[in-house]
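J.:
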Amino acid sequence: MQKRCGVAFCLFVLYSLLQISFVLIGVPQPCLSQSALLTAFSSLSCHALVLIYDMSHVIPRNSRQRTLIPHSSYYFGPPPPGSAYGTAPVGHIGVHHPREIVRIERDYTGGEVIQFSPVYPLELEGRITPTQFHETINNINEILISAYSLRHSFVYNVMAVATLQLSTLVATSHYTKEMRRLERKIDELNTQLYNPVGLNILWPRKVAFLFLEIEYY
Numbered sequence: 000m001q002k003r004c005g006v007a008f009c010l011f012v013l014y015s016l017l018q019i020s021f022v023l024i025g026v027p028q029p030c031l032s033q034s035a036l037l038t039a040f041s042s043l044s045c046h047a048l049v050l051i052y053d054m055s056h057v058i059p060r061n062s063r064q065r066t067l068i069p070h071s072s073y074y075f076g077p078p079p080p081g082s083a084y085g086t087a088p089v090g091h092i093g094v095h096h097p098r099e100i101v102r103i104e105r106d107y108t109g110g111e112v113i114q115f116s117p118v119y120p121l122e123l124e125g126r127i128t129p130t131q132f133h134e135t136i137n138n139i140n141e142i143l144i145s146a147y148s149l150r151h152s153f154v155y156n157v158m159a160v161a162t163l164q165l166s167t168l169v170a171t172s173h174y175t176k177e178m179r180r181l182e183r184k185i186d187e188l189n190t191q192l193y194n195p196v197g198l199n200i201l202w203p204r205k206v207a208f209l210f211l212e213i214e215y216y
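Take 0 as the starting number for the sequence shown in numbering that gives the first Met the number 0 and just add one per residue.
1) Output yes or no for whether 8 Å exceeds the beta carbon distance between E104 and F210.
2) Once you ignore the five residues that flank N156 on each side, which residues in its own chain have a CB closer than 7 Å to its CB?
3) Counting Cβ pairs, one atom from each stretch, are 3 or more of them under 8 Å apart for the segment 130-147 and the segment 163-170?
4) Whose C-alpha, out of L149, N138, V118, V94, is nearest the C-alpha of E111?
5) Output needed for L143: all residues of its chain with C-beta closer than 6 Å, excluding positions within five of it in sequence on either side, in chain order.
6) With burial defined as no fewer than 16 other Cβ atoms inside 10 Å of the residue's Cβ, what is the status of S62: buried or exposed?
7) According to DSSP, is E177 part of a helix, a strand, or is it coil?
8) Could you tell me the distance, in whole angstroms, from the CA atom of P203 to the CA atom of R102?
9) State the Cα-Cα distance for the pair E141 and T175, rounded to the nearest angstrom.
10) If we ignore side chains and look at the alpha-carbon of each, how far apart do M178 and A146 end up?
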C-alpha cells in the first residue's frame, strides 16, 4: 500500500514539474490525459487516508507480541516494560533461543580499524559489572588492532609475491592467527564470565564485524 501511494505521489509531482517547466520556457504543454492525473491523485488520496487510519490504529511498540527468535537492533531508547532485561536467567545456552539480544555498536572514532564501543549497555545490569564489560571490549579491541597490523601484512604479502604465492601454502597470515586467537578469547570469556550469568557473546565475524551481539537468556 505504501509503495502504491509513493508511486502515485511521484507521478503527480513529476507531472506538476513538467507543467511548470513547459510554462517557464514557453513550450506548448503536451496533450497528457487529465483523467489519468485525476485517477492517480484520487488513488493517492485514498491510500493516504487508509495509511493515516492504519497508523492511528497501530499497536504500541510495548504491547506487540514478542517473536520466538529475537533480533538485535540499533538503540532507540529504554527497553519496553515487557522485555526480559533485569530478570533471572532462563533456559540453557545452545539449547534454547535467547530472550533478548544486546547489540554493541562499532566505534568509528579511531578510523577504519574495527573497534567496538566500550559504552556499558544498561540492559546488562545485574548480570555483569561495567568493569567486566569494559575489560571484555578492551580485550576484543586489542586483538582486532593486532590483526590489522600493517607491518605483519606487509611482510606476509611481500613473501607471497616473492614466492609466487607459494608461501601462502605453508605460512598462515597474521590476520588468520589473530582471528583464531579472538575466537578462543570469546570462548574463554563465555565460559568463565558470560555463560554462568545467562549471557553469550556471538562470533562477530558472522555479521562482518558490523557490531557485537550478546545473547540474553
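Glycine included, C-beta positions come from ideal geometry on N, C-alpha and C.
Just so it is clear, the structure is predicted and the values come from calculations on it, not from any experiment.
T.: In this structure, then:
1) Along the sequence shown, one-based indexing puts residue 104 at 105. Along the sequence shown, one-based indexing puts residue 210 at 211. Contact: yes.
2) As a position in the sequence shown, residue 156 is number 157, starting the count at 1. Once the five neighbours on either side are set aside, N156 has no close Cβ partner at all.
3) no
4) As a first step, residue 111 must be located in the sequence shown, where it is residue number 112. Ranking L149, N138, V118, V94 by Cα distance to E111 puts L149 first.
5) Here residue 143 is taken as the residue at index 144 of the sequence shown, counted from 1. The answer, listed in chain order, is I113.
6) Taking the sequence shown and counting its residues from 1, the one referred to as residue 62 is at position 63. Bear in mind that the predicted position of S62 carries a pLDDT of just 42, short of 50, making it unreliable; the figure below should be weighed with that in mind. S62 is exposed by the Cβ-count criterion.
7) By 1-based counting over the sequence shown, the position of residue 177 is 178. DSSP places E177 in helix when its eight states are reduced to three.
8) For this step, residue 203 is matched to residue 204 along the sequence shown. For this step, residue 102 is matched to residue 103 along the sequence shown. Straight-line Cα distance between these residues: approximately 11 Å.
9) One-based indexing of the sequence shown puts residue 141 at position 142. One-based indexing of the sequence shown puts residue 175 at position 176. Their Cα atoms are separated by approximately 15 Å.
10) The sequence position of residue 178 within the sequence shown is 179, counting from 1. The sequence position of residue 146 within the sequence shown is 147, counting from 1. Rounded to the nearest angstrom, the two C-alpha atoms are 7 Å apart.
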